[in-house]
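This report concerns only the one structure given below.
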Ligand code: SF4
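Protein chains in written order, with the working numbering: chain D, 942 to 1235; chain C, -9 to 616.
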């Protein structure tokens, strides 16, 4: 939603007659968001085929400057928006995470195309990361291979809508309005395969298990098609047993805890979440009380 | 048969392929033998004599251009590794194919870098992906994957983390459709077992110094990196992989002495998305949309090379109908239109690199949009056309071109196709080229920046296997459309663009001339389209097989694409009724091989020229890294 001047001037607050039509009243959040959503500078950062369509979107026929994505900056330090435009490979994700860490907050990520969203046509490849969201928080996904310029524009406008909904008062859904420290995303490392430092604990456990010739933790055989059918019949009888087994299994891979630089961040996030929940509860009760009064 | 003793050089030089093979066999009777496998051509050379034979092929027989060198893993079909070389004469004609075989365990084949420098990157790729060692190679390091990656992924027994089955269509998807995806079985996408003592800090350390160590170009990197060594003014400068002028995720490491570049090492693989591994799991038809994503500026040209290669294989079998005349004409038209797109894009972004930031590009993209609208109307997608089929096309030209995108500044609404094409070919595109030339060709700044910069001599260009405008800008009139004609090019009237100077400006001139020649070709195509109006694009009137069965054999299909010679080496394992998946699928990517002389072309110039030189080669990373 853009700021509408006429709308803003129509206010129920008492305004002296001589100042009429000269005063606009709005909330700080709204004003702040209005400024920010209309000056989102994307990073000039092309990865693959989708980058060509991104350039086409920037050029005169589609021209995303019209919507406030004024100019592409080649340095992450001047950019607000990272458009991940193409296939993310294991070799490339290392610099991508670094670039993301170098962007000043508030910062947003738009996954452009099938590849950036989930690996796309190259998902099965040995050097391909199946989606940038394995490493970075993504705000908007734009499907397509490549998305047409219109689709990309639509995604960018969707991002602006998202910004409209954010509030300075609400530290929980916009981390950079909160008080916690900026948490850099851990940069992956290229070893025998790509290693996410956050998975190091699990990798070590796996390696030890393998050295002792035990089954790999973290690898899970799914039942074959026939077994699936059988399982479905079974679940119909003993409601949900099979699915419960699977989700239990997955839960054993929560991030490592204890003596880990990210624990702190985790705690902060948890605190924020609790605070937000409390606030939400207060708001809800107030609303219901108001409804009752009416 | 010509006896080697009697043949003076010039006679030998003009020998046909058969006679050349006979010559080789008589000269090296114990090292050279015919490749007698069904559907294969060329000769098998004993690995120990390979360099000697290669010298004879280059010097005695005049095959001075090594187009492609690639490895094949014949696991379960002889259990050996094989290097396949395709050599051509720059004076034109077909390929002399020669192969060398080695064990699968600890494979080793002597390096040909000393004979053809163009083998450099291709051998590194074979080492990286197949683990073949090349004794004699000056810098045998991984090129697409990083140092320290586990295994050599293209080997047939190496399985990716999301491995499902050897070949598509996967049983669980088709025909029953009980799809369960491999990533659910392998949540963290791992197929590695790490050593228990794995140490992150150690790993983080190596990757950077590896790159600098791999420079190996006669500069003492250790000394330069030593921060205390104030007495020297040499520096190591890293450019990329995130850099506005590397045309994607490409990286260069240069050493500079003041402003002057002393050496340059391209570092690639940041967009290596395993095209070939996936291609060998795919069916033949599956691969067509994947080829779109190689050189994503000119997808039509990529399609063309691939269908030519597979058609060549299919023609070995019994049931095969060659494409009709109308189909060929449409193909050529599409390819020429994408060449125009490619060159406009290349020139525009090259100008970006030498300082005319984005203004010229915007003009050229405008014209590109018009052509993409046409592609969208015909093939359904702007960029990834997926248009050509074996023996035909996805569909004939529609009667009318309608605007698919409802943008206010769309000039096209609803046009008759031929009227649209006529206007585009006769008016719009020539007008754009005129405008381009008017602004640039005599532009003082452009001349100043580009004349005498990034020089590559003709001999070097050939020896380094340069292709396309890079080769023709160095005075070698070698264009696959003329040298080894395919499709209906022999009957079309056009000239091969060539410039003598070998600098950036010469490459620019070649591109401009090629734009004009493409328009000339298109003008000849239009009447041919009109004449064949109503004819089918399929030989027997109905679309070809959905899943073609391809007989045993090998094929190398090559086309002149915008960036240079694009080749596909496809091996079919045959079997009863033919194979449905390629055994080997290799792309000879011009963008990749054209980077081989990059170091040579850059040393001695200023840092600011480097981006211009790279732009004048015109690479696209989808093809470089595949
Ligand atoms: S989504 Fe498609 S067009 Fe985009 S980078 Fe991936 S393959 Fe290329």
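Even glycine gets a Cβ: it sits at the ideal position worked out from N, Cα and C.
Can you check which of these residues, the options, is closest to residue i by C-alpha distance?
| i | options | result |
| --- | --- | --- |
| residue 298 (chain C) | C:603, C:478 and C:588 | C:478 |
| residue 156 (chain C) | C:26, C:571 and C:519 | C:571 |
| residue 86 (chain C) | C:137, C:54, C:498 and C:95 | C:54 |
| residue 173 (chain C) | C:183, C:159, C:185 and C:150 | C:150 |
| residue 988 (chain D) | D:1028, D:964, D:1010 and D:1012 | D:1028 |
| residue 250 (chain C) | C:260, C:236, C:256 and C:227 | C:227 |
| residue 429 (chain C) | C:442, C:353, C:405 and C:489 | C:353 |
| residue 1220 (chain D) | D:1129, D:1150 and D:1110 | D:1110 |
| residue 596 (chain C) | C:444, C:505 and C:111 | C:444 |
| residue 668 (chain C) | C:448, C:501, C:376 and C:503 | It is not possible to answer for residue 668 (chain C), since the shown part of chain C is limited to -9 through 616. |
| residue 1037 (chain D) | D:973, D:1023 and D:998 | D:1023 |
| residue 612 (chain C) | D:965, D:986 and D:990 | D:990 |
| residue 416 (chain C) | C:568, C:320, C:186 and C:505 | C:505 |
| residue 1064 (chain D) | D:1083, D:1031, D:1090 and D:1041 | D:1031 |
| residue 300 (chain C) | C:329, C:601, C:574 and C:432 | C:574 |
I'd like to know whether the C-beta of residue i is nearer than 8 Å to at least one C-beta of chain D.
| i | result |
| --- | --- |
| residue 151 (chain C) | yes |
| residue 207 (chain C) | With a pLDDT of 49 at residue 207 (chain C), under the threshold of 50, the predicted position of this residue should be treated as unreliable, though the coordinate-derived value follows. For residue 207 (chain C), the answer is no, since every Cβ of chain D falls outside 8 Å of its Cβ. |
| residue 399 (chain C) | Bear in mind that a pLDDT of 46 at residue 399 (chain C), under 50, signals an unreliable position, so the number given afterwards is only what the model happens to contain. So, interface residue. |
| residue 112 (chain C) | no |
| residue 554 (chain C) | no |
| residue 295 (chain C) | no |
Could you round the C-beta distance between residue i and residue j to whole angstroms and report it? I think they count as a contact, below 8 Å.
| i | j | result |
| --- | --- | --- |
| residue 586 (chain C) | residue 108 (chain C) | 6 Å |
| residue 1017 (chain D) | residue 1043 (chain D) | 4 Å |
| residue 527 (chain C) | residue 382 (chain C) | 5 Å |
| residue 102 (chain C) | residue 323 (chain C) | That belief does not hold up - the Cβ atoms of residue 102 (chain C) and residue 323 (chain C) are roughly 39 Å apart, past 8 Å. |
| residue 41 (chain C) | residue 21 (chain C) | That pair is no contact at about 11 Å. |
Which residues share a DSSP beta bridge with residue i?
| i | result |
| --- | --- |
| residue 1026 (chain D) | D:987 and D:1053 |
| residue 1136 (chain D) | D:1130 |
| residue 77 (chain C) | C:56 and C:86 |
| residue 243 (chain C) | C:228 and C:255 |
| residue 72 (chain C) | C:62 and C:91 |
| residue 560 (chain C) | C:545 and C:575 |
| residue 98 (chain C) | C:123 |
| residue 23 (chain C) | C:34 |
| residue 569 (chain C) | C:540 |
| residue 383 (chain C) | C:378 |
| residue 405 (chain C) | C:391 |
Does any residue of chain C have a CB that is nearer than 8 Å to the CB of residue i?
| i | result |
| --- | --- |
| residue 1067 (chain D) | yes |
| residue 1071 (chain D) | yes |
| residue 1006 (chain D) | no |
| residue 1227 (chain D) | no |
| residue 1045 (chain D) | no |
| residue 1105 (chain D) | no |
| residue 1147 (chain D) | yes |
| residue 997 (chain D) | yes |
| residue 1001 (chain D) | yes |
| residue 1144 (chain D) | yes |
| residue 1186 (chain D) | Note that residue 1186 (chain D) scores 40 on pLDDT, short of 50, meaning its location in the model is unreliable; the coordinates nonetheless yield the value given after this. Chain C, which has no Cβ nearer than 8 Å to the Cβ of residue 1186 (chain D), makes this no. |
| residue 965 (chain D) | no |
| residue 994 (chain D) | yes |
| residue 1096 (chain D) | no |
| residue 1063 (chain D) | yes |
| residue 1161 (chain D) | In this prediction, residue 1161 (chain D) scores a pLDDT of 42, lower than 50, which makes its location untrustworthy; the coordinate-derived value is nonetheless stated afterwards. Closer than 8 Å: yes. |
- Message: Below 8 Å, how does it come out for the segment 584 to 592 of chain C and the segment 288 to 298 of chain C: are there three or more Cβ pairs, yes or no?
- Response: no
- Item | Touch test, the segment 527 to 543 of chain C against the segment 551 to 568 of chain C, Cβ-Cβ under 8 Å, three pairs minimum | yes
- Are the segment 307 to 319 of chain C and the segment 549 to 556 of chain C in contact at 8 Å, needing three or more beta carbon pairs? no
- Item | Stretch-stretch touch, CB-based, cutoff 8 Å, three pairs: the segment 479 to 486 of chain C with the segment 453 to 460 of chain C | no
- Message: Across the segment 42 to 57 of chain C and the segment 72 to 88 of chain C, are there enough close Cβ pairs to call them in contact, namely three or more that are closer than 8 Å?
- Response: yes
- Query: Is the number of C-beta pairs between the segment 1047 to 1055 of chain D and the segment 1071 to 1087 of chain D that are closer than 8 Å three or more?
  - Reply: yes
- Query: Would you call the segment 435 to 451 of chain C and the segment 486 to 495 of chain C touching, i.e. three or more CB-CB distances under 8 Å?
  - Reply: yes
- Message: I'd like to know if the segment 513 to 526 of chain C and the segment 357 to 369 of chain C are in contact, where contact means that at least 3 CB-CB pairs between them fall below 8 Å.
- Response: no
- Message: Three or more C-beta pairs under 8 Å: does that hold for the segment 977 to 984 of chain D against the segment 992 to 1010 of chain D?
- Response: yes
- Query: Are the segment 1060 to 1068 of chain D and the segment 258 to 267 of chain C touching, with three or more C-beta to C-beta distances below 8 Å?
  - Reply: yes
- So does the segment 268 to 285 of chain C actually touch the segment 575 to 582 of chain C, counting three or more Cβ pairs closer than 8 Å? yes
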